[in-house]
Amino acid sequence: MESKTPSFVRGQMLPPQPPPTRESGVVKWLHENLFSSWLNGILTVVGLIILALIIKSALPWWLNGVWHASSLGECREIIAASAGEGATGACWAVIRERWHQFIFGFYPPALWWRPILAFGLLFVAIGPVLYAGQKRVLTYMIGGAFLGLLITLWLASAPAMVFVGLVVLLGGLAALAQTRPGALLWFTAAFPALCFLLLWGGSFWTPVMAMAGFAILAVVARLLAGRVGAPVAVGLGIVVAVIWWLYVSGPVAGTIGSVLPLGLEPVKSDQFGGFLLAIVIGVTAISCSLPVGILLALGRQSNMFIVKSLSVGFIEFIRGVPLITLLFTASLLLQYFLPPNTQFDIILRVIILVTFFAAAYLAEVIRGGLAALPRGQYEAADALGLDYWQAQRLIIMPQALKVSIPGIVSTFIGLFKDTTLVAFVGLMDPLKGVTQIVRADINWKGIYWEPYIYVGAIFFLICFGMSRYSMYLERKLKTDHR
Amino acid sequence: MAVASDVPKESFRLSMLIYDTRFRSLTIQVVVLILFALAVAWLLNNTVQNLAIRGKEFNYAFLWQRAGYDIQQQLIPYTNDSTHFRALLVGLLNTLAVAVVGCVLATILGIFVGVMRLSHNWLISRIMTVYVEVFRNVPVLLWILLAYVLLSETTPEPRAFRVTDEMLAAGQAPAARMWLWDTVAVTNRGMNIPAPVFDRPLGTLALGPLTLNLTFLALLAVIAGSIWVNRRLVAAARRQQDETGDRPVTWWKSLLILFVPAIALLAALGFHLETPALKGFNFQGGILVAHSFTALTVALTLYTAAFIAEIVRAGIMAISRGQTEAAYALGLRPGRTMRLVILPQALRVIVPPLISQYLNLTKNTSLGIAVSYLDLRGTLGGITLNQTGRELECMLLMMLIYLSISLIISGVMNIYNRSVQLKAR
Numbered sequence: 001m002e003s004k005t006p007s008f009v010r011g012q013m014l015p016p017q018p019p020p021t022r023e024s025g026v027v028k029w030l031h032e033n034l035f036s037s038w039l040n041g042i043l044t045v046v047g048l049i050i051l052a053l054i055i056k057s058a059l060p061w062w063l064n065g066v067w068h069a070s071s072l073g074e075c076r077e078i079i080a081a082s083a084g085e086g087a088t089g090a091c092w093a094v095i096r097e098r099w100h101q102f103i104f105g106f107y108p109p110a111l112w113w114r115p116i117l118a119f120g121l122l123f124v125a126i127g128p129v130l131y132a133g134q135k136r137v138l139t140y141m142i143g144g145a146f147l148g149l150l151i152t153l154w155l156a157s158a159p160a161m162v163f164v165g166l167v168v169l170l171g172g173l174a175a176l177a178q179t180r181p182g183a184l185l186w187f188t189a190a191f192p193a194l195c196f197l198l199l200w201g202g203s204f205w206t207p208v209m210a211m212a213g214f215a216i217l218a219v220v221a222r223l224l225a226g227r228v229g230a231p232v233a234v235g236l237g238i239v240v241a242v243i244w245w246l247y248v249s250g251p252v253a254g255t256i257g258s259v260l261p262l263g264l265e266p267v268k269s270d271q272f273g274g275f276l277l278a279i280v281i282g283v284t285a286i287s288c289s290l291p292v293g294i295l296l297a298l299g300r301q302s303n304m305f306i307v308k309s310l311s312v313g314f315i316e317f318i319r320g321v322p323l324i325t326l327l328f329t330a331s332l333l334l335q336y337f338l339p340p341n342t343q344f345d346i347i348l349r350v351i352i353l354v355t356f357f358a359a360a361y362l363a364e365v366i367r368g369g370l371a372a373l374p375r376g377q378y379e380a381a382d383a384l385g386l387d388y389w390q391a392q393r394l395i396i397m398p399q400a401l402k403v404s405i406p407g408i409v410s411t412f413i414g415l416f417k418d419t420t421l422v423a424f425v426g427l428m429d430p431l432k433g434v435t436q437i438v439r440a441d442i443n444w445k446g447i448y449w450e451p452y453i454y455v456g457a458i459f460f461l462i463c464f465g466m467s468r469y470s471m472y473l474e475r476k477l478k479t480d481h482r
Numbered sequence: 483m484a485v486a487s488d489v490p491k492e493s494f495r496l497s498m499l500i501y502d503t504r505f506r507s508l509t510i511q512v513v514v515l516i517l518f519a520l521a522v523a524w525l526l527n528n529t530v531q532n533l534a535i536r537g538k539e540f541n542y543a544f545l546w547q548r549a550g551y552d553i554q555q556q557l558i559p560y561t562n563d564s565t566h567f568r569a570l571l572v573g574l575l576n577t578l579a580v581a582v583v584g585c586v587l588a589t590i591l592g593i594f595v596g597v598m599r600l601s602h603n604w605l606i607s608r609i610m611t612v613y614v615e616v617f618r619n620v621p622v623l624l625w626i627l628l629a630y631v632l633l634s635e636t637t638p639e640p641r642a643f644r645v646t647d648e649m650l651a652a653g654q655a656p657a658a659r660m661w662l663w664d665t666v667a668v669t670n671r672g673m674n675i676p677a678p679v680f681d682r683p684l685g686t687l688a689l690g691p692l693t694l695n696l697t698f699l700a701l702l703a704v705i706a707g708s709i710w711v712n713r714r715l716v717a718a719a720r721r722q723q724d725e726t727g728d729r730p731v732t733w734w735k736s737l738l739i740l741f742v743p744a745i746a747l748l749a750a751l752g753f754h755l756e757t758p759a760l761k762g763f764n765f766q767g768g769i770l771v772a773h774s775f776t777a778l779t780v781a782l783t784l785y786t787a788a789f790i791a792e793i794v795r796a797g798i799m800a801i802s803r804g805q806t807e808a809a810y811a812l813g814l815r816p817g818r819t820m821r822l823v824i825l826p827q828a829l830r831v832i833v834p835p836l837i838s839q840y841l842n843l844t845k846n847t848s849l850g851i852a853v854s855y856l857d858l859r860g861t862l863g864g865i866t867l868n869q870t871g872r873e874l875e876c877m878l879l880m881m882l883i884y885l886s887i888s889l890i891i892s893g894v895m896n897i898y899n900r901s902v903q904l905k906a907r
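As structure tokens, this is what we get:
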């Protein structure tokens with residue numbers, strides 16, 4: 001038998017058919033994401049109804065917003081005139097009139113350039129820590145800070161001398177970033193003194209003499225290290241530096257100041273307020289709490305019984321009480337614990353207590369990171385002959401800190417949000433302090449959504465930005481291939 | 483041949499204290515201890531001096547003096563003639579009330595939001611993400627203040643609820659209405675809710691300083707008894723199922739056992755709800771819940787629930803996909819897969835961070851200061867402190883109490899954590 005070509009084989013290809021309407025385009029997306037089952041369909045409808053209700057009540061309020069008015073009553077008149085009687089509307093005029101109190105508190109308007117400058121230079125100072133040795137990034141950061149500062153300082157109408165100083169300072173730093181980027185760390189080291197001078201003003205020599213204490217510590221330690229060994233030399237250096245700070249630096253600064261009076265107009269602590277205060281407390285406490293937290297975590301992991309129990313006691317005590325009680329300790333109890341007639345600044349006291357508070361939480365986060373490291377890492381460090389601090393610095397901490405980045409950043413976010421609690425010890429935080437002042441004004445009595453939305457939005461931007469940055473950092477530092 | 487001799491005896495040198503690892507840790511510890519002792523001695527010395535300068539002495543006798551101030555929300559009997567110690571107890575109970583209610587509500591809401599955030603429904607998961615991010619990234623103080631302001635400044639005055647004869651004749655409605663079938667009235671002075679009332683109460687039993695409410699105790703005993711009997715019933719049914727393979731029908735017996743005794747007791751005691759009603763210028767009857775309590779609880783619940791949702795989400799995502807697939811392969815529906823397979827395993831990941839959220843919520847109740855809620859900080863650390871001027875004693879006692887609460891919560895939750903932990907082979 002001869003085989004024939006079977007008749008059912010097609011000689012010609014059919015043109016491709018489009019997929020069924022249910023399986024393509026918008027319909028497919030809707031089906032899969034919103035109406036995949038009865039329950040999902042109901043959820044979607046409920047969600048849509050809630051959204052519609054929110055939009056229905058909030059949208060006219062947003063759209064009828066008034067920016068130019070001098071009181072809440074005037075706002076309401078304008079809204080009633082434009083959108084009809086009974087219409088709701090936001091009165092953003094209060095933000096327009098009082099935004100500066102939310103940002104600067106009662107800091108004198110003529111001196112606004114000082115906190116702005118300090119804030120801009122902060123980025124220049126963090127640069128060498130975050131991006132050590134990367135010339136390009138450092139130069140870009142300095143350039144960006146320069147541009148930003150130029151615009152904001154011009155808006156704040158800073159004196160001409162400030163611009164000259166800014167050009168000289170940042171130009172020098174940019175040149176340094178190109179030639180010896182490592183040397184930029186000296187600017188970071190000097191920044192706390194500069195920042196203090198800019199924010200609080202006063203004599204130029206006070207912060208300089210305070211920084212000189214560190215120089216004295218370094219000199220003494222280096223000179224004596226050869227004779228009595230490094231640990232003893234550092235101990236002696238600390239003793240000498242403390243004596244310097246307590247008894248010598250003040251008179252010396254006073255003497256030099258009387259001969260060569262250099263300085264800025266002083267600003268009192270009670271003039272600080274708003275986000276300026278929150279950022280000053282937040283940034284200082286964040287940068288001080290990280291080293292303290294690391295030390296506490298190491299203390300808790302230590303084999304030495306006394307060091308360990310002191311660390312555990314400190315951490316558990318701080319974590320067991322609310323921050324408010326610690327702040328009240330700062331405002332009420334420190335006068336009992338310090339020598340009679342000691343006066344010291346309330347902002348500084350609060351910063352110290354907030355630092356301890358954050359450090360205890362950080363210590364627990366870092367302890368988790370330390371526990372996540374395999375024992376082999378410690379043993380390998382020992383096998384290489386590294387001593388304790390070398391092993392910590394080169395092997396353990398880089399890995400442990402990397403693991404604990406999410407926890408560290410959420411502690412920082414928590415700390416920044418908690419800076420609002422300083423309102424309860426009489427400081428003017430943006431949330432309760434300033435808002436209360438604004439709401440107590442006869443013109444703005446009865447306003448509540450607008451200031452809270454404004455303050456909340458700024459907090460949200462900062463905290464959300466921080467958490468996104470930590471996610472970016474986590475991805476960037478991820479070296480394992482899981 | 484020379485036999486290996488003894489290790490040459492080294493004479494002790496001072497530098498060995500630092501450079502010899504055998505002695506170094508001892509040296510460091512001694513130095514730390516000395517520094518610590520010096521610091522404590524310095525602080526104590528300063529405190530003694532400062533107390534002497536101010537002419538104060540350190541004792542707690544003031545706790546037994548008359549307090550002389552009123553507390554709006556009291557869970558135990560208290561008048562302004564009571565002692566400061568009694569005020570402390572009232573404040574402590576107020577703190578615990580917010581903490582307990584907040585923890586329960588935040589857990590429920592947090593689990594709901596966390597599960598919903600993982601839902602395949604695009605819209606719902608987006609809404610939940612927005613909720614979580616907004617509440618996590620804004621200070622809790624803002625939510626407390628906003629909730630309080632909204633409750634106390636946007637709600638109507640009591641007289642807005644009044645219905646007069648002229649209004650009835652003209653067919654007008656009052657400016658404000660009560661909610662939930664005329665049982666709840668929210669005014670700018672507080673929230674009036676129905677109160678449980680017993681016509682034939684069992685009275686109270688005084689045990690020294692403690693007063694026991696017998697009605698409440700009887701109700702509690704009956705409910706506990708019915709739960710116990712129900713457990714026996716279910717256990718018996720399970721035993722029969724194990725032996726014979728048939729499970730007897732128990733649901734109606736369970737319902738009867740659980741509800742009939744309690745309802746019978748309530749009927750015997752003459753239980754009914756007393757609804758608030760407008761009399762004169764204010765609402766009478768029922769219970770007045772202060773706005774400070776509501777605002778604090780609502781704000782802390784919403785804030786903490788956002789964190790709990792993230793914990794729950796992370797816990798569920800930590801369970802490997804294979805578990806879900808295995809459950810589907812066994813024919814379990816998605817809801818049951820979640821309830822029977824995923825959640826029990828996820829609990830092990832969830833519980834430790836959940837404990838710290840409970841602790842945070844409990845500590846955050848001290849923010850009641852923002853809305854003048856008289857909790858422990860408001861009574862002991864607030865009015866009592868200001869009236870007696872005993873900062874040192876009040877603050878130390880308050881910190882001690884907060885510390886004990888924290889330690890107790892973390893202790894209890896750690897025991898629970900150990901019970902749900904994976905039993906390693």
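Chains as they are written, first to last, in my numbering: chain A, 1 to 482; chain B, 483 to 907.
Think of the CB as a built atom: it goes at the ideal place given N, C-alpha and C, for glycine as much as any other residue.
If you're wondering where the values come from, they're calculated on a predicted model, not measured in any experiment.
Relative to the C-alpha of Phe741 of chain B, which residue among B:Gly850, B:Leu699, B:Asn764, B:Trp710 is closest? B:Trp710
Limits of the unbroken alpha helix (DSSP H) element including Ile447 of chain A: Element bounds for Ile447 of chain A: n/a, residue is neither H nor E.
If I measure Cβ to Cβ from Ile256 of chain A and keep anything under 6 Å in the same chain, skipping five residues before and after, which residues do I get? Trp205
In three-state DSSP terms, what is Arg482 of chain A? Bear in mind that a pLDDT of 48 at Arg482 of chain A, under 50, signals an unreliable position, so the number given afterwards is only what the model happens to contain. Arg482 of chain A: coil per DSSP, three-state reduction.
Could you tell me if His773 of chain B is buried or exposed, where buried requires 16 or more neighbouring beta carbons within 10 angstroms of its beta carbon? buried
Relative to the C-alpha of Ser289 of chain A, which candidate in A:Ile54, A:Pro60, A:Leu353 has its C-alpha closest? A:Leu353
So Ile801 of chain B packs on Ile824 of chain B, CB below 8 Å; how close in whole Å? 5 Å
Between the CA atoms of Ile216 of chain A and Leu224 of chain A - distance to the nearest angstrom: 12 Å
Which residues does DSSP pair with Thr693 of chain B in a beta bridge? B:Ala688
Measure the CB-CB distance between Thr861 of chain B and Leu570 of chain B and report whether it falls below 8 Å. yes
Spatial neighbours of Gly813 of chain B within its chain, please: CB distance less than 8 Å, with the 5 preceding and 5 following residues excluded, ordered by chain position. none
Beta-carbon gap between Ala177 of chain A and Leu138 of chain A smaller than 8 Å: yes
For Ala174 of chain A and Val129 of chain A, the rounded distance between their alpha carbons: 16 Å
Spell out whether any CB of chain A is found under 8 Å from the CB atom of Met799 of chain B. no
For a quick check, are the C-beta atoms of Leu370 of chain A and Ile396 of chain A less than 8 Å apart? yes
With DSSP as the reference, please indicate the residues paired to Lys761 of chain B in a beta bridge. B:Asn764
So if I threshold CB-CB distances at 8 Å, which residues from the segment 510-529 of chain B count as touching chain A? Ile510, Gln511, Val514, Leu515, Phe518, Leu525, Asn528, Thr529
Cα-Cα separation, Ile516 of chain B to Ile318 of chain A: 22 Å
Paired residues, beta bridge with Gly263 of chain A - DSSP: A:Ser203
Would you give the residue range spanned by the beta strand (DSSP E) that Gly672 of chain B belongs to? 672-675
Looking at C-alpha atoms only, which residue of A:Val242, A:Ile243, A:Val220, A:Ala241 is the closest neighbour of Ala233 of chain A? A:Val220
Compare the C-beta of Thr355 of chain A against all C-beta atoms of chain B and say whether one is closer than 8 Å. no
For Ile883 of chain B, the first and last residue of its enclosing alpha helix (DSSP H): 873-902
Step through the CB atoms of chain A and report whether any lies within less than 8 Å of the CB of Arg907 of chain B. Residue confidence is low: Arg907 of chain B scores 49 on pLDDT, short of 50, so the model does not pin down where it sits. Its coordinate-derived value is still stated next. Cβ-Cβ to chain A under 8 Å: no for Arg907 of chain B.
How long is the line joining the alpha carbons of Arg482 of chain A and Met820 of chain B, rounded to whole angstroms? Residue confidence is low: Arg482 of chain A scores 48 on pLDDT, short of 50, so the model does not pin down where it sits. Its coordinate-derived value is still stated next. Computed Cα separation, rounded: 26 Å.
Look at the Cβ atom of Thr693 of chain B, then the Cβ atom of Val668 of chain B, and state whether they are nearer than 8 Å. no
Looking at the structure shown, is His754 of chain B part of a helix, part of a strand, or coil, going by DSSP? strand
Mind listing the chain A neighbours of Arg859 of chain B? Cutoff is C-beta to C-beta under 9 Å, in chain order. Pro322, Ile324, Thr325, Phe328
Below 8 Å on C-beta distance, what does Ser497 of chain B contact in chain A? Gly229
Looking only at its chain, what residues have a beta carbon closer than 6 Å to the beta carbon of Lys432 of chain A, apart from the 5 residues adjacent to it on each side? Ala423
Using 8 Å for Cβ pairs, my map puts Gln554 of chain B next to Leu856 of chain B. What's the rounded Cβ distance? 7 Å
Apply the 10 Å Cβ neighbour rule to Trp663 of chain B and answer buried if 16 or more other Cβ atoms are within range, or exposed otherwise. exposed
Hey, would you say Ala744 of chain B sits closer than 8 Å to Val704 of chain B, going by beta carbons? yes
Leaving out five residues on either side along the sequence, give the residues of the same chain with a beta carbon under 7 Å from the beta carbon of Asp647 of chain B. none
Under three-state DSSP, which class holds Thr847 of chain B? helix
Proximity winner among B:Pro826, B:Ser497, B:Asn527, relative to Gln335 of chain A (alpha-carbon distances): B:Asn527
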